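As structure tokens, then:
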């Protein structure tokens, strides 16, 4: 979700050692998203519990390194990313519910699995976007229901990639170009292309066929949280303001636990990368801490079930 430019930006995740406010969403509805990823769902409101204290969130720094942490001010380990092919750096990371692995997307479209164990940071290329990335900052997240990788950018680019699923569209190894990210106009006014959306996260990161999923984005130009629905159409609907003045880079992830969903984001506010709890239904950002200057986390991925 990041490329070097003016300032640094950050991503949303669930931290372990901090007592986070209970800001959770549950999505109701028995309709599962198809490979087309166009299902809109209803937001309800049971609270998620705090994540396990044994879980480490994985972060991507502005210098292209990977870190593990449980709170913003405590980096537990750091590693260089090794094994990239043709790509110079990662622009986003996320865990995939279908296999539990951490994935990263490179700046030239390479898709990698990343070791989170003894060989932390070692990357293995598993796929390649068939459409070139366009933009400076990117949002990367897996649709848990459709088993597709969503990539968005600050140009309004809206991609959907099939890594290895033999069923559905697009075919395995193919990237679909979906509708440009845009805010609908009041007729007869046309839609307005969104050029500040650079962070994305899906709810309900599980394999339960009775839950659907909703795609939330963060627009740092307008400082607001939006729902992208239908996701393939790229249409955006604001849920509320962040209540902070965020810089041009951001990252976002949603943790699913006990039927609830919690949003965490890393946002560039002032001259630091800071971690925020995000209320998905109102957009309100609650500050949880700041990252060390040597480890400015610009994207993060929450372990599944945390």
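In UniProt numbering, the protein residues as written are 1 to 306. Backbone N, C-alpha and C fix where the C-beta goes; we use that ideal spot for every residue, glycine too. Keep in mind the model is a prediction, meaning the values are calculated, not measured.
Residue state for residue 174 is assigned as coil, using DSSP reduced to three classes. Taking the C-beta atoms as reference points, residue 126 is found no nearer than 8 Å to residue 301.
Here the alpha carbon of residue 74 sits roughly 16 Å from the alpha carbon of residue 65. In this structure, residue 176 keeps its C-beta atom at 8 Å or more from the C-beta atom of residue 165. By the Cβ-count criterion, residue 85 is exposed, with fewer than 16 other Cβ atoms from all chains shown falling within 10 Å of its own Cβ. Here residue 248 is actually not in contact with residue 269; their C-beta atoms are around 12 Å apart, not less than 8 Å. Per DSSP, the unbroken beta strand (DSSP E) holding residue 113 starts and ends at 110-114. With contacts defined by Cβ atoms closer than 8 Å, residue 232 and residue 144 do not form a contacting pair. Within the same chain, Cβ atoms closer than 8 Å to the Cβ of residue 196 are found at 154, 219, 220, 221, 222, 248, the five residues on either side in sequence being excluded. For residue 261, the secondary structure class from DSSP, reduced to helix, strand or coil, is strand.
Taking all protein chains shown into account, residue 102 has 16 or more neighbouring C-beta atoms within 10 Å of its C-beta and is therefore buried. Residue 98 counts as exposed, since fewer than 16 other C-beta atoms from the protein chains shown sit within 10 angstroms of its C-beta. Less than 8 Å separates the beta-carbon of residue 60 from that of residue 90. If you look at residue 92, you'll find it in the beta strand (DSSP E) that goes 90-95. Just measuring C-alpha positions, the residue of 174, 133, 79 sitting nearest residue 157 is 133. Annotation for residue 278: the continuous beta strand (DSSP E) segment containing it runs 272-278. Rounded to the nearest angstrom, the gap between the Cα atoms of residue 298 and residue 267 is 8 Å. When C-alpha distances from residue 181 are compared across 234, 79, 251, the shortest belongs to 234.
For residue 124, the uninterrupted beta strand (DSSP E) run begins and ends at 123-128, by DSSP. Note that the C-beta distance between residue 202 and residue 141 is below 8 Å. Runs of the beta strand (DSSP E) lying entirely within the stretch 175-249 and spanning at least 3 residues, in chain order: 175-177, 197-202, 215-219, 224-228, 236-241.
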